[in-house]
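Residues in the sequence shown are numbered from 5 upward in steps of one, following the numbering used here.
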Amino acid sequence: MKELKVRGRAIRSDENGLICLTDIWDAAGFSVNQKPADWRNLPTTVRLMDALANRIAGLSGNKTKPTVKSMYYSKVGRGGGTFAHAVLACAYAGYLSPKLEVEVREVWLRYRSGDPTLADEVLERASPEANLWVATRAEARAIRNGYTETLRDHEVYGRGYMDCTDEAYLKLFGGRARQLRTQRGLPQGANLRDAMDVVELSAIKLTEALATQRITVEDSRGNFECKEATGRTAANVRYAIDREIQDRQKRLVR
């Protein structure tokens with residue numbers, strides 16, 4: 005799940021962008037009779053949800069259970085809570101406090117627009133380790149974009165992008181993306197790089213930066229040649245890492 009911050013508290017959102025009302029209530033610090041379930045049963049909330057459902061259903065007017073769940077649902081257990089469409093989340097915040105509604109609207113709009121200053125404000129309160137990881141992940145993402153653009157310009161197509169990436173993973177970490185997800189207990193489709201540490205991210209970052217140069221200099225063309233070029237670069241990076249590890253010396257105990 006993604007996170008944003010309101011009053012120093014993490015406000016979760018699910019994979020579809022629905023905001024956790026429970027977290028908003030917790031951040032606001034209001035009384036027990038103002039929980040999401042109490043607000044949900046108010047006549048004004050029912051009318052608002054009905055209007056939003058009509059908007060989501062469109063011309064069909066078919067307000068099915070999936071339509072309702074796409075704007076409001078609750079789940080129990082670890083990671084549970086009540087999740088709602090941004091329109092409803094702002095309305096709920098306004099129900100708690102007009103000032104809180106303004107804060108939620110401002111933070112959410114900045115979050116959705118990708119305002120980099122919002123991330124910077126969050127990182128100011130984060131640990132040095134978290135700041136380093138985010139910086140490394142951002143650099144790796146930028147280099148990745150340049151790498152895939154180079155692959156495209158050098159006639160890579162279809163699953164060639166995945167094969168090139170898997171070749172780098174295989175040489176660096178001993179397994180393809182699917183295998184690495186399984187080893188790390190990640191669901192299929194999860195972003196593997198979000199689960200990497202700083203050293204791993206640095207390795208793939210360096211590999212893709214150098215592979216971009218190799219492919220350009222050697223003028224590699226097509227899926228096979230670009231995969232081979234990436235693999236050779238990744239093997240060299242892995243060799244350098246292994247040499248560094250082997251060269252480390254433990255301090256002698258006197």
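The C-beta atom is built at its ideal place from N, Cα and C for all residues, glycine as well. Computed from a prediction, not measured in an experiment: that's the story for all the values here.
In DSSP terms, what A88 is bridged to: I23 and Y76
Please tell me whether I147 and A88 are closer than 8 Å, where the distance is taken between their beta carbons. no
Go ahead and label V106 buried or exposed: buried means 16 or more other beta carbons lie within 10 angstroms of its beta carbon, across all protein chains shown. exposed
Buried or exposed (CB count within 10 angstroms, at least 16 for buried), F177: buried
Excluding the 5 residues flanking K175 on each side, which residues of the same chain have their C-beta closer than 7 Å to its C-beta? G235, A238, A239 and R242
Counting pairs of Cβ atoms below 8 Å between the segment 78-94 and the segment 19-33, do you hit three or more? yes
Sorted by chain position, which residues of the same chain lie with C-beta nearer than 7 Å to Y77's C-beta, five sequence neighbours on each side aside? F87
To the nearest angstrom, how far is the alpha carbon of R225 from that of E232? 10 Å
Identity of the residue in T169, V108 and I249 nearest T211 by Cα: T169
Starting from the Cα of R51, find the closest Cα among W137, L155, A95 and G33 and give me that residue. A95
Which full runs of the alpha helix (DSSP H) of 4+ residues lie inside the segment 200-251, going along the chain? 202-222 and 226-251
What is the residue span of the alpha helix (DSSP H) that D167 lies within? G164 to F177
Closer than 8 Å by C-beta to A194: which residues in its own chain qualify, once you throw out the five before and the five after it? Chain order, please. R185
DSSP on N58, reduced to helix/strand/coil? helix
Distance, Cα to Cα, G164 vs T154? 12 Å
Please report the distance separating the alpha-carbon of A55 from that of L92. 11 Å
Mapping DSSP to helix, strand and coil, what is N195? coil
For L196 and S17, the rounded distance between their alpha carbons: 20 Å
What number of angstroms, rounded off, separates the C-alpha of G189 from the C-alpha of Y161? 30 Å
Cutoff 7 Å; reference L205; Cβ partners in own chain excluding five residues on either side: T140, R141, A144 and R197
Spatial neighbours of R13 in its chain, beta-carbon cut-off 6 Å, leaving aside the 5 residues before and after: A31
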